[in-house]
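Here the working numbering is used: the first residue of the sequence shown is 556, the next is one more, and so on.
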Amino acid sequence: SPSLAPLLVQKPITVSALPAPEKTENRLVIPKLGINIAYAPGVESLDRGAQWRHPERGNPERGGNFIVAAHRFSIQPTPLGTIEKSPFYAIDKLTIDDKIIVDYLGTRYAYRIDKIFEVKPSQTEIEAESDTPKLTLYSCELGGSEAGRVVITATPMGKVELTDTI
556 SPSLAPLLVQ KPITVSALPA PEKTENRLVI PKLGINIAYA PGVESLDRGA
606 QWRHPERGNP ERGGNFIVAA HRFSIQPTPL GTIEKSPFYA IDKLTIDDKI
656 IVDYLGTRYA YRIDKIFEVK PSQTEIEAES DTPKLTLYSC ELGGSEAGRV
706 VITATPMGKV ELTDTI
């Protein structure tokens, strides 16, 4: 599997140091991994951060299954380009109870990871509708899209005030 570890050392993010959320750009922040990326519907958003899959199935405001996917490893012409296009490279470093921050339409929400598992590429039930509010993050294994997916689910903790440290 590819090794970018020396290049991908990210500093953890202090939530209270984040700028205020903007109504014009939704963002996904994983403080432990130093990830702060935009997410939006449409496959083209994978090249700018992460893809919000099936927006009709959920979002932080109304609940449901809020699904976000991003590349684990995407080879680009330059090392910096590869790093920028591989935001979920270290997704396997997350653990139960780690926190995830989501900025949605100008409001900041927090989630707590409650489950980490792997599925085969054909197991699309991870994107199923849900009556229970949750965040589902996923990415391909380092072996590529045919190797399977790493899946993280997280439960909502509520809105985050700008002074919160979660």
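Beta carbons are placed, not taken as given, at the ideal position from N, Cα and C, and that holds for glycine.
Inset, instruction - Give a yes or no on contact between the segment 588-604 and the segment 638-655, applying the rule of three or more CB pairs nearer than 8 angstroms. - result: yes
Inset, instruction - Please confirm if the segment 601-609 is in contact with the segment 654-674, defined as three or more CB-CB distances below 8 angstroms between the two stretches. - result: no
Legend entry - Burial state of Leu660, where buried means 16 or more other Cβ atoms lie within 10 Å: By one-based count along the sequence shown, residue 660 stands at place 105. Exposed, because fewer than 16 other Cβ atoms sit within 10 Å of the Cβ of Leu660.
Legend entry - Counted within 10 angstroms of its Cβ, other Cβ atoms place Ala683 as buried (16 or more) or exposed: On the sequence shown, residue 683 is found 128 positions in, with the first residue counted as 1. Exposed, by the Cβ-count rule.
Inset, instruction - Evaluate Arg704 with the Cβ neighbour count: other Cβ atoms within 10 Å of its Cβ, from every protein chain shown; 16 or more gives buried, anything less gives exposed. - result: Walking along the sequence shown from the start, residue 704 turns up at place 149. The residue in question, Arg704, is buried, as its Cβ has 16 or more Cβ neighbours within 10 Å.
Inset, instruction - Indicate whether at least one CB of chain C lies closer than 7 angstroms to the CB of Thr637. - result: The chain inventory of the structure shown lacks chain C, comprising one protein chain alone.
Inset, instruction - Following the continuous alpha helix (DSSP H) through Gly636, name the residue where it begins and the one where it ends. - result: Here residue 636 refers to the residue found at position 81 when the sequence shown is read from its first residue. Where Gly636 is concerned, the enclosing alpha helix (DSSP H) stretches over Pro634 to Glu639.
Inset, instruction - Evaluate Gly692 with the Cβ neighbour count: other Cβ atoms within 10 Å of its Cβ, from every protein chain shown; 16 or more gives buried, anything less gives exposed. - result: As a working note, residue 692 is residue 137 in the sequence shown. Note on identity: in this sequence residue 692 is Leu, with Gly being the wrong assignment. So Leu692 counts as buried.
Inset, instruction - Can you give me the Cβ contacts of Lys566 inside the same chain, cut-off strictly under 8 angstroms, excluding the 5 residues immediately before and after it? - result: In the sequence shown, residue 566 corresponds to position 11, counting from 1. Closer than 8 angstroms at Cβ, skipping near neighbours: Gly589.
Inset, instruction - Pick out the complete beta strand (DSSP E) segments inside the segment 623-691, 3 residues or longer, and give them in chain order. - result: 654-659 and 662-674
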